[in-house]
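A.B. asks:
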Amino acid sequence: MALRQLARAQPLLARPILAPRSAIVAPRLAASFTSTPRRSDVPPQAYQTPPGQGPIPPNGTKVKPGFFARTGKFFRTFGRVTLVVVLTTTGAFLYVTQTQNSPPNQLPADKEKPTLVVLGSGWGATSFLKSLDTEEFNVVVISPRNYFLFTPLLPSVTVGTLEPRSIIQPTRYITRHKKRKVDVYEAEAQEVDPVKKTVTFQDLSDIRGAAGSVTIPYDYLVYAVGCENQTFGIKGVTEHACFLKELSDADKIRTKLMDCIETAAFRDQPQDEIDRLMHMVVVGGGPTGVEYAGELHDFLIDDLKKWYPEVADRLRITLIEALPNVLPAFSKQLIQYTESTFAENKIDVLTRTMVKDVKNTSVVVQDANKQMREIPYGLLVWATGNTSRQITRDLMNKLSAVQTQRRGLLVDDYLSLLGGEGVYAIGDCTATSYAPTAQVASQQGIYLAGIFQKLGQKAKLERQLAQLRAATNASPEEIEATVKKLNRAAKLTPFHYSHQGSLAYIGSEKAIADLPLFNGNVASGGGAAMLFWRSAYISTLYSVRNRTLVLADWLKVKIFGRDVSRE
């Protein structure tokens, strides 16, 4: 028993005796406290961090700041500036839109003021109304449409690039912001009597009331009725072709285009019938015809090939022009660029070709070799030019002694109608040395508004002068100063057109720009010109509302594509 206890106790005696843990840790802690300086022993500068740098250790060695430390200040400043710009832009946008959408109170009609009648709501009339001061006039606007149409972007509506209401501006959005009330009547002018100084107009809308034809007098008349489509007396054009001048024309083209495509995709459709339905013919090589051909090509490439692959490759576009080349108003360099672009896009251009007859499914043409041939088509777009309206021809007949130009009304250097007292004519209805373009009509409207501004000032100064002469206490100096102002208001400068350049979209995200520079021209074509074309048209639109809608449509098409549904 004693031996067993001795054997168990022997291993315990062989084990080493360990020191307590506190005896080992205490010296280490003491060493660490003796090697590390106390807070009170370190100068305060060691714990300060200079701006844009990291902390400086106690030994004085500077640490290089990291990437975020170096650029943090820049990003903070950039973020603040961006926030200020966004908030300011948003506030300005909301202010302008709410101001335009909240017309102020207007002065009522004054029987003592002269009556100014404006016929039309196109480029000339709208530019005139936008710039006119109505305080000295009772203004009446008569037009068959109650809106202004931005015609340069009309080809984009035909294929769904833009929505129809994005490029129209209601006339009342302009007239309701004038000082004095402006009466707007949606009606068509039937007759102008320059002797009796009256205008007769009639409501031709689908819904008509009891009022029929109405005749009103005028003291001044601004004649801006525009023109209608020129058919050259060719048989079948009015019945079978689609024009491209009004908003309803663009809707008609869009509907008929989708109709041709859906019919071509119909089951068991004959091959020759598919070729006919998918052949789109454009007559007229001016900017309107060229831009429509370019928009149609974009529709083919961007949308038709995705949604109608069975018939997309069968689509053909043919442009017919009677002159030796398309776009005669542009420089030769841009004409060649346009024709080469059309050749790359497989758009057939038939120059020196005249249309002789238009049938239901084909057009008869005479080519440069005087050979007659028949071209089948599914859609025919007619964009060949303008001619005078019937009311204009009737007015010319009443003033036949001085109105001897069949092309349009003759005016003097101040846009006053020859033979018509108090009548001014602007826009496409006139026969001037300038091209009948929107740019000319717009400048004429602005100039004519300045003329009426001086007429209003003259009438006001004449009243003041009469009051001064009737007053007993008026000094000669006051009368003389008023007479000088009256003489300045009576001085008129003739109209001078300033050409700002020509633009046209030719498809494939390309455009051409023919811009004046000093004594010459700058011709440019391609993607950069397309960006300039878009920015120029955006800046030309009359309201923030139109600019916003057009930009939204372009962005929508870029993201989602064009709508191919048929109404």
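When we follow full-length UniProt numbering, the leftmost residue of the sequence shown carries the number 1, and every step to the right adds one.
We treat Cβ as the ideally placed atom computed from N, Cα and C, and that holds for glycine.
DSSP on T115, reduced to helix/strand/coil?
C.D. replies: Three-state result, T115: strand.
A.B. asks: Going by DSSP, name the residue or residues bridged to I375.
C.D. replies: Residue pairing from DSSP places I375 in a beta bridge opposite V363.
A.B. asks: Could you have a look at T437 and say whether DSSP puts it in helix, strand or coil?
C.D. replies: coil
A.B. asks: I'd like to know whether the C-beta atoms of Y505 and G294 end up nearer to each other than 9 Å.
C.D. replies: yes
A.B. asks: Among R172, K178, L83 and A211, whose alpha-carbon lies nearest the alpha-carbon of V184?
C.D. replies: R172
A.B. asks: Skipping 5 residues on each side, what residues in its chain have a beta carbon closer than 8 Å to that of M372?
C.D. replies: Apart from the 5 residues on each side of it in sequence, M372 sits with its Cβ closer than 8 Å to the Cβ of K356, V364, V365 and Q366 in its chain, given in chain order.
A.B. asks: Identify every run of the alpha helix (DSSP H) within the stretch 384-414, keeping only runs that are complete inside it and at least 4 residues long; order them along the chain.
C.D. replies: 390-398
A.B. asks: Pull up the CB-CB distance for L116 and V139, whole angstroms please, since I reckon it's below 8 Å.
C.D. replies: 5 Å
A.B. asks: Answer yes or no: do T161 and W554 have a C-beta to C-beta separation smaller than 9 Å?
C.D. replies: yes
A.B. asks: Taking the alpha carbon of E567 as the reference point, which residue from G120, H297, M258 and R545 has its own alpha carbon closest?
C.D. replies: M258
A.B. asks: Report back the beta-carbon spacing between L296 and I317 to the nearest angstrom; my notes put them in contact at under 8 Å.
C.D. replies: That belief holds up - the Cβ atoms of L296 and I317 are roughly 6 Å apart, short of 8 Å.
A.B. asks: Looking only at C-alpha atoms, which of T158, K398 and G212 sits nearest to D193?
C.D. replies: K398
A.B. asks: If distances are taken between C-alpha atoms only, which option among S340, D219, I347 and Q336 comes closest to D313?
C.D. replies: I347
A.B. asks: Taking all protein chains shown into account, do 16 or more other C-beta atoms lie within 10 angstroms of the C-beta of Y223, making it buried, or fewer, making it exposed?
C.D. replies: buried
A.B. asks: Out of L492, C429 and E478, which has the shortest C-alpha to C-alpha gap to K458?
C.D. replies: L492
A.B. asks: Quick check on this structure: which residue in A431, D133, A383 and G378 has the alpha carbon closest to the alpha carbon of R393?
C.D. replies: A431
A.B. asks: Who are D348's beta bridge partners in DSSP?
C.D. replies: T318
A.B. asks: Could you tell me the alpha carbon to alpha carbon distance between F75 and W533, rounded to whole angstroms?
C.D. replies: 35 Å
A.B. asks: For P328 versus I320, is the C-beta distance shorter than 9 Å?
C.D. replies: no
A.B. asks: L531: buried (16+ other C-beta within 10 angstroms of its C-beta) or exposed?
C.D. replies: exposed
A.B. asks: If F201 and V214 are in contact, beta carbons under 8 Å, what's the gap, nearest whole angstrom?
C.D. replies: About 6 Å separates the two Cβ atoms, so the contact holds.
A.B. asks: For Q464, which three-state DSSP category applies?
C.D. replies: helix
A.B. asks: Does the beta-carbon distance from L379 to C242 come in below 9 Å?
C.D. replies: yes
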